[in-house]
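Novice:
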């Protein structure tokens, strides 16, 4: 034979001619005595073997008795090929009963249709009791060290876990896995029957094992069918993570949840896994140390399972599927027996008539052996539970019985699968290695027998463990694949294998616990079975004579009459508003009772009127409180006597808080109350213990998000913003209100600028009016009057009463411009008078337009930071403003999270300004501590519309548009229902009505900003006072100038004014220059002597004074003329 095994060497030794002739004669004789010729039969059989594998399922009587063959073929070259399927019995606790095996007869009958094959299959059993891996490996390798052809060599194993059910599970499982690792490495396929490892010992395809016992796939379907029978569509799964197969069971349940929810499924059943509670069970040593059979006390080692029971007690589902082991079941029964007189006594209801406990086969594995001497039952209907703890009636358990009949049947299936797989493998080998010369396949001659003998030798994997070139059986994988396709008939039922390696037929018994004579016994009340007769993957459940939980006569509903959900919330006006509870802890019709932290109601009543809050705070050592000027409690006074936050919250070892009764109202509370009415559920509402919305920290998520992730709450109802990061951790309903990040600013109180009176005209206009127009008009008026014959007549007027000059012209123009009530000399010329009237009209227009515009500029104008939004440069670069721009938000919220991700520098800058809540932030902004506040648009709009004095404004564009949603834990069954109701509320306008009610205020959102109608204060009218003060200062300057003029400039001016130029410019100046001081004194003395008693006298006195003044002027002129003549 070649080393590469590609072809056979058919050089057989010489055979004794007499023996061959004897064999042929015997065959002919047998054929002649039969109704059908053997050669005809053999020809047809071999032809079908070379064309198809249909013969695998056919049966016929042997045409050649085995005894004849054995005696006839005595030659060494044509001896039978001896192979076997080795049964491995894992029995490490008890001595297996000695059953008489019929394996040899069974295999002989299976080989009758194949007389042309010199194959002698055999079945043997071996008990493995050693834990030593080396010993196990040696035992396996001995099966392949049979060098003699007369010895049987194993090419498959049949693995049976027979009675060893109460041993240490981890060690036992490791023993199994080690065995499969060795056999798969050697390329040897295995067939298993592990009834007390149902659903917990999953093997993958690489381990070359097919399963005869039910798989997790079968267990999951049996459980779902059981639930379907009683319409229990809510279930809680509790599983020990240390038990193999727990994760697979949960995964199979998830698949069935999707599969059965399809409307076109023949077994349509929509159910939900309400909760999943994994735990780490106790080992045998831990169980012994933890369980006190005498005291019945709850020890710390039981707290994980106690916490799960607490969660079940709060959950909606009433059907619990428990997947664990023998110790987990007894731990649960011990806890149920130890609840009396403890703070967990209310958990006794979990084992009453409202709850259904269903245990998986792994939990019931200690009861799988029905014919054990310790658990005798003639009809396999009753199994006694050896527990010394609480006996609970009405529980259910799935069991795969490992009685004698089940073991015998599984062994028969294994042998038939093995035998038919070898026949199919022989057929495939004939296709791979055809004969090298022409032989008559349909004639059982010498060449045919030798050819098949060479093929059959390949079925003996000898020397696998001895040589490096024989480490794995070449045809093991092929034979394993063939086993998957084999169809065998057992009890007239075709049995085949599913793609997952399990059988298409399976059976699980349903047992029910009852209390009989003080003992808890398990009675068989039903059967779940899957049969190929009913169709692919079709199953049936038969159940009768059940004792229901609490010894009730009817099955429980599996759900409460009215669901009660735990709702977490947090204060956010106007969505959630906290108020004190009424007397007796009740709330009004528009509020929902809620549990609040004592600190949340500190401003409501801290003086002792609310005794609950007072006692709670007093218990924290806060007997005295510090109040500010507004009679509110200062936050620091609540913590000055407390060492840490957990002490303030009164957090105990169970991570709970001493809450106080309160009432919650607001927009989202109206939404929740509507959902409660439409979906028929109640709520148990509480405030999140750490007071945070929910953000990622180095220690994980906090706040509301953490409560939902840990299943401490079923839903979160508040103004919870939907963000991508949060959506990865929890689930959100459809948005019930749209929002985004807005920027709020406060109006700064306005004041009139000192130059406000000049604002009606610009500076160029003022220059044109006051500098050019006034003086140009005054000059024109004087010129017209100077040349007018009726006026000054170029200085030749003889009317001494007409006194006019350029300065008096300007005086007239200024007095007319401002409407001053002062004495002024009027011109007499026609042109100059018309010019004066034109100026009066100009002054009217000027004053009217000035007054009209002045009203607008003299009103106080309020100012604010008109930011464009979160992208405004003052927010992006606050340090570029002098002083730096200050803004803030609330920590651990969606706004901070968004800024932290998208604007890290901005987040780093603003952290030092962040405030604990919105109210503190807005107060700080109105007091000038902050310049802007960033938060949810709807919340800021509410505060802006409700603000006293309407000082708050939201400015700029919204950023990161999103919505508010109701938060749920992952895979919540309430999500779809709530979404449907919210969409209905949007359609019928309820949400809009709620929004309008809660967010309407006295301040209009789009009101004009800038001007206010209010009484002006001194600082608003400061410009007028500044003008008055400036005028007084100017008058003082003029007084000094006048004083200087009279004492120092007057003598010099008398010498200069020879041509009477001052008289033309100003009569007063001219008179001052020529009127001597002596005359002035004489006149003043004379006029002072006469005192008039009536107005007529005053008029005459003034006329006389003017005449004296004119005469004095004439006298002065005459004196000047005489001086000129004399000179």
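Residue numbers (the UniProt record's numbering): 1 to 1127.
Each residue gets a CB set at the ideal place from its N, CA and C atoms; glycine is no exception.
Using only the alpha-carbon positions, how far apart do residue 186 and residue 79 sit?
Specialist: The alpha-carbon atoms of residue 186 and residue 79 are separated by roughly 27 Å.
Novice: With a threshold of 8 Å on Cβ separation, who are the neighbours of residue 206 within its own chain once the five nearest residues in sequence on each side are excluded?
Specialist: Closer than 8 Å at Cβ, skipping near neighbours: 184.
Novice: Taking the alpha helix (DSSP H) that residue 529 belongs to, which residues open and close that run?
Specialist: It is not in any alpha helix (DSSP H) - residue 529 instead sits in the beta strand (DSSP E) that spans 519-530.
Novice: Here's the rule: buried if 16 or more other CB atoms are within 10 angstroms of the residue's CB, otherwise exposed. What is residue 582?
Specialist: The residue is exposed, with fewer than 16 neighbouring Cβ atoms inside 10 Å.
Novice: Classify residue 400 as buried or exposed, calling it buried when 16 or more other Cβ atoms lie within 10 Å of its own Cβ.
Specialist: Under this definition residue 400 is a buried residue.
Novice: In terms of DSSP beta bridges, what is residue 83 paired with?
Specialist: In DSSP, residue 83 forms a bridge with 121 and 153.
Novice: Using a Cβ distance threshold of 8 Å, determine whether the segment 820-830 contacts the segment 898-918, with at least three qualifying pairs required.
Specialist: Because the criterion of three Cβ pairs below 8 Å is not met, the segment 820-830 and the segment 898-918 do not touch.
Novice: When DSSP labels each residue in this structure, what does residue 1128 get in the three-state scheme?
Specialist: Because the chain here runs from 1 to 1127, residue 1128 falls outside it and cannot be looked at.
Novice: Have a look at residue 1128 and residue 804 and give me their C-alpha separation to the nearest angstrom.
Specialist: Lying outside 1 to 1127, the shown extent of the chain, residue 1128 is not represented and no answer is given.
Novice: Quick one: what's got a C-beta closer than 8 Å to residue 267's C-beta in the same chain, skipping five residues either side?
Specialist: Around residue 267: 225, 228 and 260.
Novice: So, for residue 28: in the same chain, excluding its five sequence neighbours on each side, which residues have a beta-carbon less than 7 Å away from its beta-carbon?
Specialist: The predicted model places residue 28 with a pLDDT of 38, which falls under 50 and marks its position as unreliable, so this point remains unresolved.
Novice: DSSP three-state label for residue 832, please.
Specialist: Helix at residue 832.
Novice: Which residue or residues does DSSP assign as beta-bridge partners of residue 133?
Specialist: None, per the DSSP bridge assignment.
Novice: Report back the beta-carbon spacing between residue 729 and residue 701 to the nearest angstrom; my notes put them in contact at under 8 Å.
Specialist: Residue 729 to residue 701, Cβ: 6 Å. Contact.
Novice: Pull up the DSSP beta-bridge partners for residue 357, would you.
Specialist: Answer is 320.
Novice: Per the contact definition of three or more C-beta pairs closer than 8 Å, is the segment 507-515 in contact with the segment 471-491?
Specialist: At 8 Å Cβ cutoff, the stretches do not touch.
Novice: For residue 724, count neighbouring C-beta atoms within 10 Å of its own C-beta (all shown protein chains included) and say buried if the count is 16 or more, exposed if not.
Specialist: Flag for residue 724 reads exposed.
Novice: Would residue 559 and residue 85 qualify as a contact pair, given that the criterion is a beta-carbon distance under 8 Å?
Specialist: No, they are not a contact pair.
Novice: Determine the DSSP secondary structure at residue 623, reduced to helix, strand or coil.
Specialist: Because residue 623 sits at a pLDDT of 40, beneath the cut-off of 50, its placement in the model cannot be relied upon, and the following sentence gives the value as read from the coordinates. Coil.
Novice: Enumerate in chain order the residues of its own chain whose CB-to-CB distance from residue 870 is below 7 Å, with the five nearest sequence positions on each side excluded.
Specialist: 741, 743, 934 and 959, listed in sequence order.
Novice: Less than 8 Å between the beta carbons of residue 286 and residue 242, yes or no?
Specialist: No. Outside cutoff.
Novice: Rank 249, 311 and 739 by C-alpha distance to the C-alpha of residue 239 and give the top, closest one.
Specialist: Among 249, 311 and 739, the Cα nearest to that of residue 239 is on 249.
Novice: State the DSSP-derived secondary structure class of residue 696, mapped to helix, strand or coil.
Specialist: DSSP places residue 696 in strand when its eight states are reduced to three.
Novice: Quick check: residue 252 and residue 217, are their CB atoms within less than 8 Å of each other?
Specialist: In this structure, residue 217 lies closer than 8 Å to residue 252 by Cβ.
Novice: Quick check: residue 567 and residue 486, are their CB atoms within less than 8 Å of each other?
Specialist: No, these two residues do not count as a Cβ contact at 8 Å.
Novice: Which term fits residue 392, buried or exposed, when burial requires 16 or more other beta carbons within 10 angstroms of its beta carbon?
Specialist: Residue 392 is buried by the Cβ-count criterion.
Novice: Determine, using beta-carbon pairs with one atom in the segment 341-358 and one in the segment 537-545, whether at least three such pairs fall under 8 Å.
Specialist: As far as the Cβ criterion goes, the segment 341-358 does not touch the segment 537-545, which means the pair count is below three.
Novice: State yes or no: is the C-beta of residue 319 within less than 8 Å of the C-beta of residue 356?
Specialist: Their beta carbons are under 8 Å apart, which means residue 319 touches residue 356 by this criterion.
Novice: Using 8 Å as the cut-off, can you tell me whether the segment 701-720 makes contact with the segment 949-957, which would need three or more C-beta pairs spanning the two stretches below that distance?
Specialist: At 8 Å Cβ cutoff, the stretches do not touch.
Novice: Who are the near neighbours of residue 501 in its chain, counting only those whose CB is closer than 8 Å to its CB and skipping five residues on each side?
Specialist: Taken in chain order, the residues that qualify are 203, 205, 209, 210, 211, 215 and 484.
Novice: Could you give the uninterrupted runs of the beta strand (DSSP E) lying entirely in the segment 731-815, keeping only those of 3 residues or more?
Specialist: Whole beta strand (DSSP E) segments, 3+ residues: 737-746.
Novice: Per DSSP, which residues does residue 664 bridge with? Please list them.
Specialist: BP columns for residue 664 point to 578 and 592.
Novice: Quick check on this structure: which residue in 110, 103 and 120 has the alpha carbon closest to the alpha carbon of residue 83?
Specialist: Minimum Cα distance to residue 83 is reached at 120.
Novice: Shortest alpha-carbon distance to residue 316 belongs to which of 1044, 429, 1123 and 972?
Specialist: Among 1044, 429, 1123 and 972, the Cα nearest to that of residue 316 belongs to 972.
Novice: Have a look at residue 746 and residue 900 and give me their C-alpha separation to the nearest angstrom.
Specialist: When rounded, the distance between both Cα atoms is 25 Å.
Novice: Let me confirm a value: residue 834 is counted as buried when at least 16 other C-beta atoms fall within 10 Å, else exposed. Which label applies?
Specialist: Answer is exposed; the Cβ neighbour count stays below 16.
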